[in-house]
Amino acid sequence: MSKKNFVRRCEELVKPNITRIISLSLSNYCAIDFFLKLFSIHSFIHLERLILDGVTSNNRLVQLLNSLVSLPRLFTLSITLSSYYVDENNILQCIFRLPVVNYCKLKFRENLDRRSLSCTHDKKFQCQTLKYLVIDGDFCLNQLTPILTYTPQLTYLSCRFRSGFDYKTNEQLLMPYYLTDISLKFHDVSFDEIEKFLSKISHQLQRLRLTIHMNNIFLCAERWEQLITNHMPHLYMFDFMYLIFKYYSSNDYIISNQLFDCFKSSFWKRRNWFFQYQHWLCDNDDFSGIFYSTHPYR
């Protein structure tokens, strides 16, 4: 759509209804820039859902997020950032100041700063309304633990990791008590790091989804049995997927029958958690095999 037509539609459709609009979606950086020049976001007093796809300026986004504080009904926020360098901590802190946000999804397409926030137990800095948080970007595990101290009411968390290094502190951290549903995807993270992280936050956990690339140490059934038994007494869904890259499918990454049989013990059968393994040869696929749960609910 041309700029002229976009402006005309905004004048005809948005302007007369600005105080009645409850959902707004802008799908590229040009539309976002044009729209914010035409209208003040403060005017959308009944806005409940805002979707921004293709944000290219960190500073512009931070300014916008600071303006959203004035909206009394903004429950849902979804942002995709396309800028080359992203200061995700500044963005997250702005989001945590929103008064009624319930669901937030952040997608980062480029490089992240990867510095950790400082932990907080001060309610002035915590977001008491956020219950669903989705972070789609190459985060480090050490960034997530501090973030969770800002979201004490969180019930659902989805995050993608590129590396580990769990947060190192002697401070007793208060994790979200109501966190019952977690979905994690990760590269280059050790079982020790994930084990330590899950043991901190998993006491109320009911649903756990994991997608793992390459690292077959996660196929140690006995370690999962111990972790679940000791730290996840309420877990009833274990949705597990391990992807083998074809370029790393040496003997170390081929799953033996003995390894597979470890996931057939009475522990897994009692919970009705069953698994399958498939291996294939395909030049057009990045993966050469997959180990996955076929019935994740007990």
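Number 214 in my numbering belongs to position 230 of the sequence shown; there are no gaps in the numbering.
For every residue, glycine included, the Cβ atom is placed at its ideal position computed from N, Cα and C.
- Looking only at F247, I63, H263, the smallest Cα-Cα distance to L10 is reached by I63.
- H215: member of the alpha helix (DSSP H) spanning 205 to 215, first to last residue.
- Taking 8 Å as the cut-off, the Cβ atoms of I6 and L36 do not count as close.
- The shortest C-alpha to C-alpha distance from S67 to any of L219, F59, L61, R93 is the one to R93.
- Judged by DSSP secondary structure, Y13 falls within the alpha helix (DSSP H) whose first and last residues are 13 to 22.
- Here F275 has L203, Y226, I239, F259, Y261 as same chain residues with Cβ atoms under 7 Å from its own Cβ, once five neighbours each way along the sequence are excluded.
- The residues S51, S54, L55, in chain order, have a CB closer than 8 Å to that of H26 in the same chain once the five nearest residues on each side in sequence are set aside.
- For D176, the secondary structure class from DSSP, reduced to helix, strand or coil, is helix.
- Under a 10 Å Cβ-count criterion, E177 is classified as buried, with 16 or more other Cβ atoms of the shown protein chains found around its own Cβ.
- Shown here for H218: same chain residues with a beta carbon closer than 7 Å to its own, the five before and five after excluded, namely Q188, L189, Q190 in chain order.
- Note that the C-beta distance between F80 and F109 is below 8 Å.
- For T135, the CB contacts under 8 Å within the same chain, skipping 5 residues up- and downstream, are F80, Q110, C111, L114, L117, P160 in chain order.
- Counting only the Cα atoms, R254 lies some 44 Å from L82.
- Secondary structure of S7 (DSSP, three-state): strand.
- Between S100 and N126, the C-beta spacing is below 8 Å.
- Under the three-state reduction of DSSP output, I75 falls in the helix class.
- Comparing alpha-carbon positions, the option among L65, R4, S174 lying closest to Y13 turns out to be L65.
- Counting every other CB atom within 10 Å of its CB across the protein chains shown gives S277 a total of 16 or more, marking it as buried.
- Of the residues assessed, M(-15) falls on the exposed side of the cut-off, its CB having fewer than 16 other CB atoms within 10 angstroms.
- Spatial neighbours of H105 in its own chain (CB-CB distance under 8 Å, excluding positions within 5 residues in sequence) are listed in chain order as T133, L158.
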